[in-house]
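Count along the sequence shown from 1, then add 372; that gives the number in my numbering.
Glycine included, every Cβ here is placed at the ideal spot set by N, Cα and C.
See below for the structure under consideration.
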Amino acid sequence: MQKDQRSVRDLKIGEKGTICCLNDAEMSLKLLEMGCIPGTVVKLNSKAPLGDPITIIVNDYTLSLRLDEAATIMLKK
Numbered sequence: 373m374q375k376d377q378r379s380v381r382d383l384k385i386g387e388k389g390t391i392c393c394l395n396d397a398e399m400s401l402k403l404l405e406m407g408c409i410p411g412t413v414v415k416l417n418s419k420a421p422l423g424d425p426i427t428i429i430v431n432d433y434t435l436s437l438r439l440d441e442a443a444t445i446m447l448k449k
């Protein structure tokens with residue numbers, strides 16, 4: 373991870389970020405199919421009581437992700 377990047381996992385509720393890349397080759401196809409495309413703005417919508425899973429808003433729909441999936445979605449700072 374570069375200094376000017378962070379992951380979706382690092383967002384606070386209500387915070388937004390722009391996807392710059394996906395770090396996991398195996399998971400990237402799944403995430404791309406769900407709309408997690410570089411250049412797309414995402415917003416952290418909620419976290420489960422124990423922190424996992426989380427929900428993000430991508431292209432006006434809500435997507436539920438496990439924390440390990442969210443950690444592979446890198447955002448521009």
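Sub-8 Å separation of residue i and residue j beta-carbons
i    : j    : result
L452 : I426 : No information on residue 452 is available, as it lies outside the stretch 373 to 449 that the chain covers here.
T444 : L394 : yes
S379 : A420 : no
T390 : G407 : no
First through last residue of the beta strand (DSSP E) which encompasses residue i
i    : result
L383 : From DSSP, L383 is part of no beta strand (DSSP E); its letter is neither H nor E.
K415 : V413 to K419
L404 : It is not in any beta strand (DSSP E) - L404 instead sits in the alpha helix (DSSP H) that spans A397 to E405.
L435 : Y433 to L437
L422 : That residue, L422, is in no beta strand (DSSP E); it is neither H nor E in DSSP.
I391 : K388 to L394
Coil, strand or helix - residue i by DSSP
i    : result
M446 : strand
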